[in-house]
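Data block below; observations after.
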């Protein structure tokens, strides 16, 4: 019934009262704003050709470089702000691909059932048991490591959990009477899936998308850290990779390592918190355990025992 | 309530319809056997029986909407002489709702909670008549809501903003969207209080007169049948117990089950009379008695009832019953 009470406005109202969700949302919005405003916020142009002397390498934080300089003498703050763009772009696009594939597959399998479901779900299982990261490494290594390729690889490998989740929800929604009614009206499978099942799966898909975004960002950082990132764009993972492979640790340049790490944690945490908050807002029953004694039950227990149950009068 | 039926060739003719539910390792369960009835244009037929006697299965079989495990194993369903069971799925889909519409049991579940009532009523018009213009649809939906006594401006509200009675009215409006010949009403008044129940029945009766509808009313409430129906089909455990006009069913029932059912129902003219419950429970489909399905609970049971299932005997041309007692009123001697 949750879906029925108040629609999306009700969800927003409950989300606003959910501190975890609001913290996550604020953090994510901050990250997005920073990424969008990067050209205006960052003190230097990341693409400008600059003369670098040996003194600029791993220069510690100073009034000119608030977060110091990296192995090439570039401003870390500028890299950090522009890195947010790459990470968020990969996160959004890859998760969009993953959720679209997973949603479509889960919906089709759950709704059609029978052999179609068998084939699609076995395929999902196979994809699920193959470890994502090694496969991603192999694919990216074999193809050109560009941003598009990374987005595609992460998206095409990350849809399995979404497919399982959506299938489960579809199985329960398709049992509802209005699906039979739609069929009686003469609606075909595609129409019923689109107009009747999808709207009820959508809230779940939204929550899932938010969580998949964090996964995608993490995967991108991992790939970049392993040296499989797009060399032309500087993402947070890439920054970590450079810092790690080019002696930031031995140089004691913590400023080259902490900002990108902090950025990754910030966005992943934001998505996780927002996802959790959304989940609770969409399904308020998650907030209370069904066995937890709530106030009404305690109140009932304190009532004095009824001396004459009224049922006796009836029999 | 008597309704003059002029056209003698029936609108809907169901002959010896049988449905199995299959569940591979187990033998198929005989959910419906040899159901035969006709429906004239403008006629209201009541289909009465306990829960699990196959009423809903029968309705779904008529619309060819049985769940995956359901199989129509024999019989015929003719609509205006056209055999529905032979049609391909596409033709059948085009015919559903256009000719036979259905008012589903439990309006809350039959409405999608996240779409407006108006949208859902418009769905049938859009799918069957290809009307895409929003204004035309809005006007048609408004007219339909008006027909069932709901203000047209409530078309943009969601099902949860409707009361129980209104939801049921909206379901009726939805059933009428494509001006069908036959409306199947599957327990249209379940879960409504008596006042709303009376309103809904009145609405159905009015609409029937106004639109020349044929109605198949599925219910377990004999009172509702008496109010609305011309003829009554009493079902028990997936077979026909008795089929006659409403007067005959109420005043001279021939089948022991119909008699017992009527005794279990309050009679306003004799308020002091005790209600008689029927002992036992309806048969389970995977554990049917070998002979007559009512035999284990029948007060007049005799040896033959346990050995063979009785055929449906015609008592008069318009009254038939599936009981050996009808063929041989002496009973036990046979």
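Protein chains in written order, with this note's numbering: chain A, 1 to 315; chain B, 1001 to 1334.
Note that CB positions come from ideal geometry on N, CA and C, so glycine has one too.
Proximity test, Cβ basis, 7 Å: residue i and chain A
{"i": "residue 1114 of chain B", "result": "yes"}
{"i": "residue 1104 of chain B", "result": "yes"}
{"i": "residue 1123 of chain B", "result": "yes"}
{"i": "residue 1093 of chain B", "result": "yes"}
{"i": "residue 1039 of chain B", "result": "no"}
{"i": "residue 1007 of chain B", "result": "With a pLDDT of 49 at residue 1007 of chain B, under the threshold of 50, the predicted position of this residue should be treated as unreliable, and no value is reported."}
Cutoff 7 Å: residue i Cβ touching any chain B Cβ
{"i": "residue 181 of chain A", "result": "yes"}
{"i": "residue 199 of chain A", "result": "yes"}
{"i": "residue 228 of chain A", "result": "no"}
{"i": "residue 186 of chain A", "result": "yes"}
{"i": "residue 4 of chain A", "result": "Because residue 4 of chain A carries a pLDDT of 41, less than 50, the predicted location of this residue cannot be relied on, and no value is offered for it."}
{"i": "residue 109 of chain A", "result": "no"}
{"i": "residue 312 of chain A", "result": "Per-residue confidence for residue 312 of chain A stands at a pLDDT of 45, beneath the threshold of 50, marking its modelled position as unreliable; no derived number is given."}
Residue from the options with nearest C-alpha to residue i
{"i": "residue 1095 of chain B", "options": "A:268, A:183, A:218, A:230", "result": "A:183"}
{"i": "residue 1113 of chain B", "options": "B:1257, B:1161, B:1261", "result": "B:1161"}
{"i": "residue 1043 of chain B", "options": "B:1204, B:1295, B:1260, B:1294", "result": "B:1204"}
{"i": "residue 156 of chain A", "options": "A:44, A:95, A:23", "result": "A:95"}
{"i": "residue 1105 of chain B", "options": "B:1030, B:1185, B:1050", "result": "B:1185"}
{"i": "residue 42 of chain A", "options": "A:82, A:23, A:124", "result": "A:82"}
{"i": "residue 1305 of chain B", "options": "B:1260, B:1256, B:1262", "result": "B:1256"}
{"i": "residue 1038 of chain B", "options": "B:1180, B:1252, B:1233", "result": "B:1233"}
{"i": "residue 57 of chain A", "options": "A:206, A:252, A:163, A:148", "result": "A:252"}
{"i": "residue 1064 of chain B", "options": "B:1053, B:1140, B:1102, B:1177", "result": "B:1102"}
{"i": "residue 154 of chain A", "options": "A:261, A:194, A:224, A:257", "result": "A:224"}
{"i": "residue 198 of chain A", "options": "A:179, A:214, A:47", "result": "A:179"}
{"i": "residue 263 of chain A", "options": "A:196, A:32, A:275, A:173", "result": "A:32"}
{"i": "residue 54 of chain A", "options": "A:245, A:137, A:186, A:72", "result": "A:72"}
{"i": "residue 1246 of chain B", "options": "B:1015, B:1047, B:1024", "result": "B:1047"}
{"i": "residue 1319 of chain B", "options": "B:1258, B:1031, B:1287", "result": "B:1258"}
{"i": "residue 1290 of chain B", "options": "B:1308, B:1175, B:1271, B:1168", "result": "B:1308"}
Cβ pair residue i, residue j closer than 7 Å
{"i": "residue 1300 of chain B", "j": "residue 1325 of chain B", "result": "yes"}
{"i": "residue 101 of chain A", "j": "residue 159 of chain A", "result": "yes"}
{"i": "residue 1100 of chain B", "j": "residue 1215 of chain B", "result": "no"}
{"i": "residue 1144 of chain B", "j": "residue 1122 of chain B", "result": "no"}
{"i": "residue 231 of chain A", "j": "residue 67 of chain A", "result": "no"}
{"i": "residue 1132 of chain B", "j": "residue 1156 of chain B", "result": "no"}
{"i": "residue 1218 of chain B", "j": "residue 1187 of chain B", "result": "yes"}
{"i": "residue 1194 of chain B", "j": "residue 1173 of chain B", "result": "no"}
{"i": "residue 167 of chain A", "j": "residue 109 of chain A", "result": "yes"}
{"i": "residue 38 of chain A", "j": "residue 85 of chain A", "result": "yes"}
{"i": "residue 270 of chain A", "j": "residue 22 of chain A", "result": "no"}
{"i": "residue 238 of chain A", "j": "residue 247 of chain A", "result": "no"}
{"i": "residue 1128 of chain B", "j": "residue 1178 of chain B", "result": "yes"}
{"i": "residue 1197 of chain B", "j": "residue 1190 of chain B", "result": "no"}
{"i": "residue 1171 of chain B", "j": "residue 1107 of chain B", "result": "yes"}
{"i": "residue 35 of chain A", "j": "residue 88 of chain A", "result": "yes"}
{"i": "residue 98 of chain A", "j": "residue 212 of chain A", "result": "yes"}
{"i": "residue 1062 of chain B", "j": "residue 1041 of chain B", "result": "no"}
{"i": "residue 1293 of chain B", "j": "residue 1239 of chain B", "result": "yes"}
{"i": "residue 1109 of chain B", "j": "residue 13 of chain A", "result": "no"}
Neighbour list for residue i in chain A, Cβ cutoff strictly below 9 Å
{"i": "residue 961 of chain B", "result": "Given a span of 1001 to 1334 for chain B in the structure shown, any question on residue 961 of chain B remains unanswerable."}
Interface residues of chain B facing residue i [CB-CB closer than 7 Å]
{"i": "residue 176 of chain A", "result": "1109"}
Partner residues on chain A for residue i, Cβ-Cβ distance less than 8 Å
{"i": "residue 1127 of chain B", "result": "185, 186, 187, 191"}
If you measure beta-carbon to beta-carbon, which residues of the region 1043 to 1069 of chain B are closer than 7 Å to chain A?
1063, 1065
Got a sec: which bits of the region 61 to 73 of chain A sit with their beta carbon under 9 Å from any beta carbon on chain C, in order along the chain?
In the structure shown, chain C does not exist; the protein chains are A and B.
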